[in-house]
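Trainee: Here the protein sequences line up with chains F and U, keeping their order. With this note's numbering applied, the first sequence corresponds to residues 3 to 288, in that order. With this note's numbering applied, the second sequence corresponds to residues 50 to 365, in that order. Where a beta carbon is used, it is the ideal one built from N, C-alpha and C, also for glycine. Bear in mind the structure is a predicted one, so any value in this text is a computation, not a measurement. Quick one: structure below, then a few questions.
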Amino acid sequence: MIVSSRPKRARTFQYTALLLYMLFLAFPLLWLLSVSFKGPRELVELHPHLIPREVTLSNYTDALHGDIGIGDVTLLHAAWNSTKVAILTSLLTTFVGLPAAYVLARTRGLLSRLGLGWILLSQMFPLILIIIPIFLLLRTLHLTDSHTGLIFVYVVWTLPFILWMLQSYVRGIPRDLEEAAMVDGASRITVLRTVIAPLLAPGIVVTALFAFITAWNEFFLALVLLQTPSLTTLPLLLARFVGVEGIVRLGPLAASALLATLPSLLLFTIIQRWLTRGLLSGAVKG
Amino acid sequence: MTTVPEPRRLLRLGRGGGRGRGRAGVELSGREAFALLIPAMLPIVVLSVAPLVRGIYLGFTDSRAGFGVKTSFIGVDNFQRLIHDNLFVNSFKIGLIWAGSVTFIQFCLALGLALLLSQPLRFRWLARSLALVPWAMPPVVVGIMWKLVFQPQAGVLNELLYRAHLPGSNIDWLGDFTWALPAVILVGVWAGMPQTTVALLAGVQSIQDELHEAAAVDGAGTLRRFWTITLPQLRPVIVAITTLDLIWNFNSFGLIYVLTLGGPGHSTELPMLFAYNEAFKYGEFGYAAALGDAMVVVIACILVFNLYGRLKETTR
């Protein structure tokens with residue numbers, strides 16, 4: 003859009019700027035990668051190198067073979083906990099959110115306007131205000147220190163964003179299709195099942211994966227709700243590891259941090275094209 | 050919360066409203082809509098709306114952790130205590146400095162990147178993917194990663210400063226009273242780049258090319274077109290994303306928890322960390338909730354301020 007009268011100089015400037023941006027964005031990642039492949043002796047050297055002089059996988063084997071655990075909890079154990087919580091959160095949120103998202107997209111009554119308002123509002127208030135009452139409520143139900151309680155909280159916590167995404171995908175489906183089916187005598191449920199659901203499938207997948215990533219990455223709520231070491235999720239384990247001894251054992255710390263990010267990074271790469279499109283349709287007038 | 054007004058009234062029937070013949074069945078009836086909303090509404094009301102209301106109320110009580118402790122209404126006592134609590138005042142000051150600087154720096158950087166990404170440059174796919182990476186990373190991992198960067202001896206930052214013969218190569222960035230806050234602000238900027246860049250990029254791409262072409266024909270230079278076309282056209286997106294960024298940053302927790310735990314000496318203690326400690330370390334639920342109430346007031350001010358600016362813009 004910026005067309006300069008002196009195109010060559012402008013291009014040079016643009017490429018320099020782009021390079022600087024890429025350096026800023028990439029260098030902490032490269033450093034993490036580099037530390038994770040360095041041996042213990044190279045890690046304490048006074049003047050470290052970006053490219054390890056001796057590449058070793060020992061940090062990864064340490065991370066995977068339980069050497070970074072807190073108590074009996076290993077990285078794999080925490081990963082299993084995270085997987086369980088994230089999958090259930092993702093399925094439940096999508097399942098619960100789907101019908102509501104349809105209403106939000108297709109009606110403009112008071113309820114759906116309230117719903118959209120709530121979605122916005124929920125992004126804004128500090129979590130501390132709702133986590134204390136939730137903690138009290140879950141304690142009465144004996145669900146505080148449990149995955150069930152955590153999943154309940156995650157479902158509600160991810161719902162606003164999930165609803166927002168899903169409803170924008172529903173809006174993308176032309177109304178005429180539904181109308182045609184209904185004029186032919188199909189019931190609402192049939193229309194939802196045979197017309198809307200298949201067209202919405204990619205959107206549903208993207209949304210469910212996004213819910214998975216959100217739950218996988220979440221830290222604060224898990225920190226408040228989970229006490230028993232064997233229930234620990236990945237972010238919790240990593241944070242404790244930093245607190246306990248991570249700063250002494252940089253290599254295994256870096257390796258486990260990378261391993262913990264891998265699943266969400268992979269899923270994110272798959273969905274990112276649809277994600278940005280879905281989030282912003284309707285948010286920015288085209 | 051148990052009395053629900055008659056759904057038909059709440060849902061003003063859509064545009065069809067019994068106009069044409071085939072139309073009436075197509076629109077969702079009030080009852081249908083209500084039934085479809087229930088699965089999502091129930092958990093939201095029980096685990097989100099009700100706790101929020103109760104949380105706001107708790108700020109006016111002496112609620113404490115522990116079973117069977119009696120809670121009683123104590124009016125504004127918590128708030129009087131807050132005002133005289135130096136650590137509280139400090140945490141809000143730090144919260145505002147943090148949120149303001151992160152949002153501002155992030156906005157400038159993201160706008161530049163968005164403008165670049167809208168150009169037909171080679172490698173822009175790489176820059177775009179890199180800009181999205183922080184979005185996918187757990188805040189805890191982002192914190193760990195930057196902790197490694199900031200390591201006093203084995204960190205890459207100090208090594209770079211040393212090799213470039215710049216001062217500061219022996220600073221313990223996260224452990225230093227002066228440098229801890231700027232250091233975590235840098236991390237905050239890095240971590241929040243994706244959302245801001247994506248929003249601004251979408252805004253930039255939605256500006257019609259004709260506007261730029263017309264201005265170029267009229268002899269407007271690059272800089273002039275940026276000020277007279279790009280910025281004004283982006284205004285709604287800018288207001289929306291900076292408002293959200295300000296609020297998100299003011300509420301942030303995980304990054305700082307891992308990086309500094311609020312230290313050294315409370316110099317990076319954001320409001321949420323202070324509230325977390327009060328609630329779950331010392332068991333002062335009422336006091337922490339009062340702090341949450343105070344945060345809501347600040348957030349409401351940010352909102353009103355920004356929306357007011359927006360309103361003035363549209364009525365002009």
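Buried or exposed for Phe116/U, going by 16 or more other Cβ atoms inside 10 Å?
Mentor: Under the 10 Å beta carbon count, Phe116/U is surrounded by fewer than 16 other beta carbons and is classified as exposed.
Trainee: Straight-line CA distance for Val266/U to Ala343/U?
Mentor: 53 Å
Trainee: Relative to the alpha-carbon of Pro77/F, which residue among Ile191/F, Arg275/F, Pro237/F has its alpha-carbon at the smallest distance?
Mentor: Note on residue identity: the sequence assigns Leu, not Pro, to residue 77/F. Closest by C-alpha distance to Leu77/F, out of Ile191/F, Arg275/F, Pro237/F, is Pro237/F.
Trainee: Find out if the Cβ-Cβ distance for the pair Leu267/F, Ala185/U is shorter than 8 Å.
Mentor: In contact: Leu267/F and Ala185/U (Cβ atoms closer than 8 Å).
Trainee: Return the residues of the stretch 343-364 of chain U that lie within a Cβ-Cβ distance of less than 8 Å from chain F, sorted by chain order.
Mentor: Met344, Val345, Ile348, Leu352
Trainee: Out of Thr246/U, Thr291/U, Ala163/U, which has the shortest C-alpha to C-alpha gap to Arg359/U?
Mentor: Thr291/U
Trainee: Using 8 Å as the limit for Cβ to Cβ distance, is Gly161/U near chain F?
Mentor: yes
Trainee: Who are the Cβ neighbours of Ser218/U in its own chain at under 6 Å, not counting the five residues just before and after it?
Mentor: Asn207, Leu210, Tyr211
Trainee: Buried or exposed for Thr235/F, please, with buried defined as at least 16 other CB atoms from any protein chain shown within 10 angstroms of its CB.
Mentor: buried
Trainee: If you draw a straight line from the alpha carbon of Val182/U to that of Pro30/F, how long is it in whole angstroms?
Mentor: Going by the C-alpha atoms only, they are around 11 Å apart.
Trainee: Helix, strand or coil for Phe122/U? Go by DSSP, reduced to three states.
Mentor: strand
Trainee: Using a Cβ-Cβ cutoff of less than 8 Å, which residues in the same chain neighbour Ile272/F once the five nearest sequence positions on both sides are dropped?
Mentor: So the list reads Leu211, once near-sequence residues are dropped.
Trainee: So, with DSSP's three-state summary, where would you put Thr227/U?
Mentor: coil
Trainee: What's the call for Lys142/U, buried or exposed, on a 16-neighbour Cβ count within 10 Å?
Mentor: exposed
Trainee: Select from Tyr106/U, Arg177/U, Leu96/U the residue whose C-alpha is nearest the C-alpha of Thr245/U.
Mentor: Arg177/U
Trainee: Could you say which of Pro231/F, Leu113/F, Leu223/F lies nearest to Ser301/U if we only look at CA atoms?
Mentor: Residue nearest to Ser301/U within the set Pro231/F, Leu113/F, Leu223/F is Leu223/F (criterion: CA-CA distance).
Trainee: Does any residue of chain F bring its CB to less than 8 Å from the CB of Glu208/U?
Mentor: yes
Trainee: Output the distance between the C-alpha atoms of Glu262/U and Gln155/U, rounded to the nearest integer angstrom.
Mentor: Approximately 29 Å, taken between the alpha carbons.
Trainee: May I have the straight-line CA-CA distance separating Ser167/U from Gln200/U, to the nearest angstrom?
Mentor: 36 Å
Trainee: State the Cα-Cα distance for the pair His133/U and Asp111/U, rounded to the nearest angstrom.
Mentor: 17 Å
Trainee: With a Cβ-Cβ cutoff of 8 Å, do Leu107/U and Phe334/U count as a contact?
Mentor: yes
Trainee: Hey, does Gln289/F have any beta-carbon neighbour from chain U nearer than 8 Å?
Mentor: A query on residue 289/F cannot be resolved here, the shown segment of chain F reaching from 3 to 288 and no further.
Trainee: Put Thr85/F into one of helix, strand or coil per three-state DSSP.
Mentor: helix
Trainee: Using C-beta distances below 7 Å, list every residue in its chain close to Trp228/U, excluding the 5 sequence neighbours before and after it, in chain order.
Mentor: Ile220, Trp222
Trainee: Give me the DSSP bridge partner(s) of Thr110/U.
Mentor: Answer is Phe122/U, bridged to Thr110/U.
Trainee: Going by other Cβ atoms of all chains shown within 10 Å of its Cβ, with 16 needed for buried, is Thr192/F buried or exposed?
Mentor: exposed
Trainee: Taking just the CA atoms, how far does Leu280/U sit from Thr141/F?
Mentor: Checking the sequence, you will find Arg at residue 141/F rather than Thr. For Arg141/F and Leu280/U, the distance between alpha carbons rounds to 51 Å.
Trainee: Going straight from the alpha carbon of Leu162/U to that of Trp195/U, what length do you get?
Mentor: 22 Å
Trainee: Quick one: residues in its chain with C-beta nearer than 7 Å to the C-beta of Met184/F, no 5 flanking neighbours on either side, listed in chain order?
Mentor: Val193
Trainee: Just to confirm the assignment, what range does the alpha helix (DSSP H) spanning Tyr23/F have?
Mentor: 9-38
Trainee: Ala289/U and Thr277/U - do their beta-carbons sit closer together than 8 Å?
Mentor: no
Trainee: Out of curiosity, what's the CA-to-CA distance linking Ala114/U and Ala328/U?
Mentor: Taking the straight line from one Cα to the other gives about 8 Å.
Trainee: I want to see whether chain U comes within less than 8 Å of Tyr156/F, judged by CB atoms only; does it?
Mentor: no
Trainee: Counting only Cβ-Cβ distances shorter than 9 Å, please list the residues of the stretch 80-100 of chain U near chain F, keeping chain order.
Mentor: Glu81, Ala82, Phe83, Ala84, Leu85, Leu86, Ile87, Pro88, Ala89, Met90, Leu91, Pro92, Ile93, Val95, Leu96, Ser97, Val98, Ala99, Pro100
Trainee: Chain U beta carbons: is any one of them nearer than 8 Å to that of Ser60/F?
Mentor: Not an interface residue.
Trainee: Do the stretch 78-97 of chain U and the stretch 300-316 of chain U touch if we need at least three Cβ pairs shorter than 8 Å?
Mentor: no
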